[in-house]
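K.L.:
Chains as they are written, first to last, in the numbering used here: chain A, 1 to 136; chain B, 137 to 272.
Mind looking over this structure? Questions follow.
There are 2 protein chains.
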Amino acid sequence: MNDKFDKQLQTKHIKPTAMRQLVLQVLTKQKTALSLPELEEIFVRADKATLYRTLKTFEKNKLIHSIDDGSGAVRYALCSEECDCSIEDLHVHFLCSKCNKTYCLNEIPVPTIKLPVGFSLENVSMVVEGICANCR
Amino acid sequence: MNDKFDKQLQTKHIKPTAMRQLVLQVLTKQKTALSLPELEEIFVRADKATLYRTLKTFEKNKLIHSIDDGSGAVRYALCSEECDCSIEDLHVHFLCSKCNKTYCLNEIPVPTIKLPVGFSLENVSMVVEGICANCR
DNA sequence: TAAGTAATGCAACCGGGTTGCAAACCTGTT
DNA sequence: AACAGGTTTGCAACCCGGTTGCATTACTTA
């Protein structure tokens with residue numbers, strides 16, 4: 001049963017500890033992106049620093065990506081299968097102003113922008129705020 | 137000399153105190169968006185809370201707009217003349233990963249996005265990160 | 001089993017943001 | 001000029017998300 005997560009972690013070269021399996025499990029079943037404080041609420045008995053480092057490890061190894069939606073806390077969501085966190089993998093995120101959940105709109109890529117001369121692009125973040133389908 | 141700022145404040149129904157004139161002056165001559173901590177560095181003798189409330193007042197009265205570029209601090213920049221902070225006035229912002237300055241790309245409007253069914257739009261933030269013209 | 005490395009738990013700290021409250025200030029009125 | 005009302009300011013304290021140091025525990029491998 002945990003084999004699936006085990007394998008997933010190993011694929012990304014992350015040692016599959018119990019904590020990591022659990023966090024990956026939660027992130028998998030979650031439809032929306034999770035912040036560290038939210039993760040703390042789910043794992044009430046776990047240590048904040050451990051959760052923090054777990055997320056950082058996942059992010060470093062490109063199992064998850066981070067979103068700063070301006071809600072005050074950085075959120076994290078699973079990367080899709082083929083994602084290698086390059087510019088082409090960037091998608092729009094949606095923050096619901098009612099339930100405060102953040103959605104990955106994986107099917108909506110971030111539009112290309114023509115920057116002024118002399119400006120080079122490394123990364124783009126696009127966050128749409130509004131009311132989500134569940135809250136209306 | 138201060139008449140210009142005075143008038144500008146009064147137009148937005150903000151009582152023109154000394155502090156507010158000074159902050160507006162700094163924001164005017166600044167080419168990039170400023171955060172509260174950055175403002176504190178400029179006005180070393182001023183109180184953090186006062187600066188904070190000054191920015192909040194300016195924002196409420198649509199003299200400035202705020203940008204969360206994911207750098208950890210919210211930044212503020214003067215609105216352009218005709219701006220009334222509606223969706224049409226939204227523009228792309230640029231965060232330089234070298235000098236950490238945030239630019240308003242006023243001439244680049246935020247592209248329109250087609251959201252999934254059931255999702256409604258209230259606001260959009262688009263921040264491009266890269267190297268600015270001055271740092272290359 | 002022993003040594004070495006990695007992960008965890010605990011505590012403390014940092015920095016941006018925010019608020020309560022009292023003092024100072026401004027404005028209009030008597 | 002003195003006063004009353006409302007606004008702004010300064011100071012202090014606090015909140016919260018994020019981050020780090022360090023000792024302990026768990027894992028791996030010789």
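Built from N, CA and C at the ideal position, the CB exists for glycine as well.
Within the 8 Å Cβ cut-off, does Leu267 of chain B reach chain A?
P.N.:
In the second sequence, counting from the first residue as 1, residue 267 of chain B sits at position 131. Rather than Leu, the amino acid found at residue 267 of chain B in this sequence is Ile. Yes, Ile267 of chain B counts as interfacial toward chain A.
K.L.:
Beta-carbon within less than 6 Å of Leu199 of chain B's beta-carbon, same chain only, minus the 5 sequence neighbours each way: which residues are those?
P.N.:
Looking up residue 199 of chain B in the second sequence gives position 63. Once the five neighbours on either side are set aside, the close Cβ partners of Leu199 of chain B are Lys148.
K.L.:
I want to see whether chain B comes within less than 8 Å of Ile87 of chain A, judged by CB atoms only; does it?
P.N.:
The residue given as residue 87 of chain A occupies position 87 in the first sequence. Not an interface residue.
K.L.:
Rounded C-beta distance between Cys235 of chain B and Cys268 of chain B? I'm assuming under 8 Å.
P.N.:
Residue numbering aside, residue 235 of chain B sits at position 99 when the second sequence is read from its first letter. Residue numbering aside, residue 268 of chain B sits at position 132 when the second sequence is read from its first letter. Their Cβ separation, rounded to whole angstroms, is 7 Å, which keeps Cys235 of chain B and Cys268 of chain B in contact under 8 Å.
K.L.:
With C-beta atoms as the reference, is Leu51 of chain A less than 8 Å away from Glu38 of chain A?
P.N.:
Here residue 51 of chain A is taken as the residue at index 51 of the first sequence, counted from 1. Here residue 38 of chain A is taken as the residue at index 38 of the first sequence, counted from 1. In this structure, Glu38 of chain A does not lie closer than 8 Å to Leu51 of chain A by Cβ.
K.L.:
Grab me the residues of Asn61 of chain A's own chain with a C-beta within less than 7 Å of its C-beta, minus the 5 sequence neighbours each way, in chain order.
P.N.:
Position 61 of the first sequence, counted from the first residue, corresponds to residue 61 of chain A. If we look at Asn61 of chain A and ignore the five residues flanking it on each side, its Cβ neighbours are Lys12, His13 and Ile14.
K.L.:
8 Å is my cut-off, CB to CB: does Ile113 of chain A come that close to chain B?
P.N.:
Within the first sequence, residue 113 of chain A is the residue found at index 113, counting from 1. Ile113 of chain A counts as touching chain B.
K.L.:
Return the CA-CA distance between Thr190 of chain B and Glu224 of chain B, expressed in angstroms with no decimal places.
P.N.:
Numbered from 1 along the second sequence, position 54 holds the residue referred to as residue 190 of chain B. Numbered from 1 along the second sequence, position 88 holds the residue referred to as residue 224 of chain B. Going by the C-alpha atoms only, they are around 26 Å apart.
K.L.:
Taking only three categories from DSSP, how would you classify Asp47 of chain A?
P.N.:
Residue mapping note: residue 47 of chain A aligns to position 47 of the first sequence, counting from 1. The answer is coil: DSSP assigns Asp47 of chain A none of H, G, I, E or B.
K.L.:
Step through the CB atoms of chain A and report whether any lies within less than 8 Å of the CB of Met137 of chain B.
P.N.:
For the purposes of this step, residue 137 of chain B is taken as the residue at position 1 of the second sequence. Low per-residue confidence applies at Met137 of chain B: pLDDT is 49, beneath 50, and the placement is therefore not dependable enough to give any value.
K.L.:
Measuring CA to CA, which of A:Lys101, A:Ser97 and A:Ser71 is closest to Lys31 of chain A?
P.N.:
On the first sequence, residue 31 of chain A is found 31 positions in, with the first residue counted as 1. Per the Cα distances, A:Lys101.
K.L.:
Apart from the five residues on each side of it in sequence, which residues of its chain come closer than 7 Å, Cβ to Cβ, to Leu121 of chain A?
P.N.:
Here residue 121 of chain A refers to the residue found at position 121 of the first sequence. Excluding its 5 nearest sequence neighbours in each direction, Leu121 of chain A has C-beta neighbours in its own chain below 7 Å: Leu115, listed in chain order.
K.L.:
Under 8 Å Cβ-Cβ, which residues of chain A neighbour Leu241 of chain B?
P.N.:
Walking along the second sequence from the start, residue 241 of chain B turns up at place 105. Those are Leu115 and Pro116, listed as they occur along chain A.
K.L.:
Under the rule that 16 or more other beta-carbon atoms within 10 Å means buried, what is Met1 of chain A, buried or exposed?
P.N.:
Stepping through the first sequence from its first residue, residue 1 of chain A is reached at position 1. With a pLDDT of 49 at Met1 of chain A, under the threshold of 50, the modelled position of that residue is not reliable, and the figure given next carries that caveat. It counts as exposed.
K.L.:
Which chain B residues are close to Ile108 of chain A, counting only those with a beta carbon under 7 Å from its beta carbon?
P.N.:
The residue you call residue 108 of chain A lines up with position 108 of the first sequence. Within 7 Å Cβ-Cβ: Ile249.
K.L.:
Between B:Asn242, B:Asn270 and B:Val246, which lies nearest to Cys232 of chain B when the distance is taken from Cα to Cα?
P.N.:
The count along the second sequence starts at 1 and reaches residue 232 of chain B at position 96. The shortest Cα separation from Cys232 of chain B among B:Asn242, B:Asn270 and B:Val246 belongs to B:Asn270.
K.L.:
If you draw a straight line from the C-alpha of Leu226 of chain B to the C-alpha of Arg181 of chain B, how long is it?
P.N.:
By one-based count along the second sequence, residue 226 of chain B stands at place 90. By one-based count along the second sequence, residue 181 of chain B stands at place 45. The straight-line gap from Cα to Cα measures roughly 34 Å.
K.L.:
Could you tell me which residues DSSP puts in a beta bridge with Tyr239 of chain B?
P.N.:
For the purposes of this step, residue 239 of chain B is taken as residue 103 along the second sequence, with counting starting at 1. Answer is B:Phe230, bridged to Tyr239 of chain B.
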